[in-house]
Amino acid sequence: MSSPTSEDSAPQPAGIVERLMRDDVDRKRFLKMAGGAGAASFGAFVLAACGSSSTKTASTAAAPAATTSSASSATGDIAILNYALTLEYLEREFYAKVVASGLFSGKVGSLIKGFGSQEATHVEALKGAVSKMGGTPAANPNGKFPITSATQVAGLAYTVENLGASAYLGQAGNIQSPEVLATALAIHSVEARHAATLGTLVKKSLTPDGAFAKPADMSMVLAAVKPFLA
Amino acid sequence: MSNHTITNAEQVGLANPELANVEVSGITRSSFMLRGAIAAGAVYGLGAVTPFVSQALAETGGGDVEILNFALTLEYLESDFYNVKGKEVGLKGTAKSYAKMFGEQEADHVEALITTIKALGGKPVAKPTFVLPATSQSSFLALASVLENTGVSAYNGAAPSIKSKEVLAAAGSIVQIEARHAQRGVRRAADQGAGADCGEAADQGLAGRNGGAVDDPCAAPPRSSR
Chain A
6 MSSPTSEDSA PQPAGIVERL MRDDVDRKRF LKMAGGAGAA SFGAFVLAAC GSSSTKTAST
66 AAAPAATTSS ASSATGDIAI LNYALTLEYL EREFYAKVVA SGLFSGKVGS LIKGFGSQEA
126 THVEALKGAV SKMGGTPAAN PNGKFPITSA TQVAGLAYTV ENLGASAYLG QAGNIQSPEV
186 LATALAIHSV EARHAATLGT LVKKSLTPDG AFAKPADMSM VLAAVKPFLA
Chain B
283 MSNHTITNAE QVGLANPELA NVEVSGITRS SFMLRGAIAA GAVYGLGAVT PFVSQALAET
343 GGGDVEILNF ALTLEYLESD FYNVKGKEVG LKGTAKSYAK MFGEQEADHV EALITTIKAL
403 GGKPVAKPTF VLPATSQSSF LALASVLENT GVSAYNGAAP SIKSKEVLAA AGSIVQIEAR
463 HAQRGVRRAA DQGAGADCGE AADQGLAGRN GGAVDDPCAA PPRSSR
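Going down the list, the protein sequences come from chains A and B.
For the first sequence, the numbering used here gives the first residue as 6, with consecutive numbering after it.
For the second sequence, the numbering used here gives the first residue as 283, with consecutive numbering after it.
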């Protein structure tokens, strides 16, 4: 049971950069374990880690060239980001209403609250991504959600998170920009984590699709969320 | 291979000491890259795996087949972990049933990747041998959690380099399963069975070991404080 401690102290991105720059002991250990590949890749790895904080500047500078050459792919990516944003707005509102309902307390309550705050983070990340692409973030829709009992809400949350994960998966192949794809994938796996956690809570499958997750296309997802639009 | 493992003294202060003595044999690029990914996760934390993999691929200019072979190597490791190591350790209870299910799914991933690589006209990489340092149920569960999270981070680092839409869709459908495994892994199942503090489990449940609302530290916006 020593690992929770190491989880808590797992370095945040900024910490990684600092350790890469400063810590000779870590560098030696990394190179020893990684062998040849690590040595070859280490310089670029450091640059990548250090560059992550200034990614915004770099890609903004590169953006005009990209837009002129592939205006249509940028438009496509913006549409996908706004679609994801719309789903995240709804998830955020759903969790906010669930928290306000007071149906959950204690550990499950804080779990639900945490999911809500992560959905809020996703909303901000997606708004930022849309703006960075030169688009206008979609407006926040008004949601309406049936909130009657803890069991019903947990079941709905499980459905919603699975739908969210399949919605991201459904768009992965349509995204043109590797940077947008990286953002979408990073959110995708967290939606899957939420779904799996809720699956345990409601005693349903962690992997309802089996070994390979199924994607959902936009029209299917939008039809599924329609009842939740006020 | 043993020259890659590090001594007990050297393990002090590692972000994920569980990964320190995982060994991957082989001199293929996939094996080199997997060793690097595991080392990055061990020393710098799982958040370092994504940038390491994306950079390593950027450097080698890896095409889709190379990325798939890297994924295959990773899945071989995970499959061996559940299907070989799990049996060797002698898991009990919920951990055993989860390990069985996860092991079958990892084996399915292996088969799917081999098929995809062949369909693209590539040659599936040979299966390396692995040393997986787990001797008891608890060390197995601890390693399961970090391995699955390493897998998610590695896929998320590799996927943006994939050229083919179909290959990307295949990789996406696998990584989502890895994330689900990572989140409600055999470890958690066993913890709950043992009546361990669900508050702690819940807290991990918020974020996984990467610790954020997104699984890629490079793309991670600042965490909202709770």
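Here a beta-carbon is modelled for each residue, glycine too, at the ideal position from N, C-alpha and C.
Contact check, residue 449 of chain B vs residue 301 of chain B under 8 Å by CB: the rounded distance? Not really, about 27 Å apart at Cβ, beyond 8 Å.
Inspect the CB distances between the stretch 145–156 of chain A and the stretch 175–192 of chain A and report whether three or more fall short of 8 Å. Segments in contact, no.
Any C-beta of chain A sitting closer than 8 Å to the C-beta of residue 326 of chain B? Taking 8 Å as the threshold, the shortest C-beta distance from residue 326 of chain B to chain A falls below it.
Between B:443, B:366, B:303 and B:404, which has its C-alpha nearest residue 415 of chain B's C-alpha? B:303
Neighbour list for residue 183 of chain A in chain B, Cβ cutoff strictly below 8 Å: 442 and 443
Pair every Cβ in the stretch 286–300 of chain B with every Cβ in the stretch 194–208 of chain A, then say whether three or more of these pairs are closer than 8 Å. no
Given a cut-off of 8 Å on the beta-carbon distance, is the pair residue 218 of chain A and residue 458 of chain B in contact? yes
DSSP on residue 343 of chain B, reduced to helix/strand/coil? coil
Backbone CA spacing between residue 197 of chain A and residue 461 of chain B [nearest angstrom]: 6 Å
Spatial neighbours of residue 134 of chain A within its chain, please: CB distance less than 7 Å, with the 5 preceding and 5 following residues excluded, ordered by chain position. Apart from sequence neighbours up to five positions away, the residues of its chain that approach residue 134 of chain A with a beta-carbon distance below 7 Å are 86, 185 and 188, ordered along the chain.
Alpha-carbon spacing of residue 114 of chain A relative to residue 317 of chain B, whole angstroms: 39 Å
Closest Cβ-Cβ distance between residue 434 of chain B and chain A: below 8 Å? It does: the Cβ of residue 434 of chain B has a partner Cβ on chain A nearer than 8 Å.
Member of B:355, B:376 and B:395 whose CA lies at the smallest distance from the CA of residue 509 of chain B: Only positions 283 to 508 of chain B appear in this structure, which leaves residue 509 of chain B out of reach.
Identify whether residue 178 of chain A lies in helix, strand or coil by the three-state DSSP scheme. Coil at residue 178 of chain A, not helix or strand.
As an exercise, report each continuous beta strand (DSSP E) stretch of at least 3 residues that is fully enclosed by the stretch 423–470 of chain B, in chain order. none
Taking a cut of 9 Å between CB atoms, which residues from the stretch 335–359 of chain B lie near chain A? 336, 337, 338, 340, 341 and 342
Endpoints, the alpha helix (DSSP H) within which residue 204 of chain A is located: 183–206
Please identify, using Cβ separations under 8 Å, the residues of the stretch 306–325 of chain B that lie next to chain A, in order along the chain. 311, 314, 315, 317, 318, 320, 321, 322, 324 and 325
Contact criterion: CB-CB distance below 8 Å. Does residue 109 of chain A meet it with respect to chain B? no
Do residue 410 of chain B and residue 399 of chain B have their beta-carbon atoms positioned less than 8 Å apart in this structure? Against a cut-off of 8 Å, the Cβ pair of residue 410 of chain B and residue 399 of chain B comes out as no contact.
Can you tell me where the alpha helix (DSSP H) holding residue 324 of chain B begins and where it ends? 311–326
Whole-angstrom distance between residue 321 of chain B and residue 39 of chain A, CA atom to CA atom: 5 Å
Hey, how far is the Cα of residue 84 of chain A from the Cα of residue 120 of chain A? 25 Å
Taking 7 Å as the limit between beta carbons, can you name the residues of its chain near residue 347 of chain B, skipping five residues before and five after? Only 399, 402 and 404 meet the Cβ criterion.
Determine whether the Cβ of residue 65 of chain A lies closer than 8 Å to any Cβ atom of chain B. With a pLDDT of 35 at residue 65 of chain A, under the threshold of 50, the predicted position of this residue should be treated as unreliable, though the coordinate-derived value follows. For residue 65 of chain A, no CB of chain B lies under 8 Å from its own CB, so it is not counted at the interface with that chain.
Cβ closer than 9 Å: which chain A residues qualify as neighbours of residue 361 of chain B? The premise fails here: residue 361 of chain B is roughly 11 Å from chain A at the closest Cβ pair, so nothing lies under 9 Å.
Would you identify the three-state DSSP class for residue 412 of chain B, choosing helix, strand or coil? The three-state reading of DSSP puts residue 412 of chain B in strand, counting E and B together.
Residue 228 of chain A - containing alpha helix (DSSP H), residue span: 223–230
Name the chain B residues that come within less than 8 Å of residue 38 of chain A, Cβ to Cβ? 286, 287, 288, 302, 317, 320, 321, 324 and 325
Checking the sheet assignment: what are the DSSP bridge partners for residue 306 of chain B? B:412
Given residue 238 of chain A as reference, the closest of A:125, A:163 and A:162 once Cα atoms are compared: Look at the range of chain A in this structure, 6 to 235, and you will see that residue 238 of chain A is not part of it.
With 16 other Cβ atoms within 10 Å as the buried cut-off, status of residue 362 of chain B: buried
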